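Chemist: For reference, the structure I am asking about is given below.
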């Protein structure tokens, strides 16, 4: 969306395309650095070095309830929205 930033390791936009859309696009060297960082993060995740505490899961249809649960500040982990096919 306008005013946003696009960071992608695939399907990069040219500077004129970014300007036309009103978004910021880091230069190619920044994207290449992001690709290296994403690879390192993926390797850590594959090695089981991350853990995630999920407090509650809501179907997408209950997004308002999920947002309210998050707003209370009483969660002890992440709130996840699930999307059915």
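In my numbering, the protein residues as written are 333 to 417.
Where is the CB? At the ideal position from N, CA and C, for every residue including glycine.
Computed from a predicted structure; not experimentally measured.
1. So what's residue 348 in DSSP terms, helix, strand or just coil?
2. Tell me whether the region 404 to 411 and the region 376 to 385 touch, counting them as touching only if at least three CB pairs, one residue from each stretch, are closer than 8 Å.
3. DSSP on residue 415, reduced to helix/strand/coil?
4. Which two residues bound the contiguous beta strand (DSSP E) that contains residue 389?
5. Check the DSSP bridge columns for residue 356 and list the partner residues they point to.
Modeler: Let's see:
1. It is helical.
2. Contact holds: three or more Cβ-Cβ distances are below 8 Å.
3. In the three-state DSSP reduction, residue 415 falls in the coil class, being neither helix nor strand.
4. Where residue 389 is concerned, the enclosing beta strand (DSSP E) stretches over 386 to 391.
5. Answer is 337.
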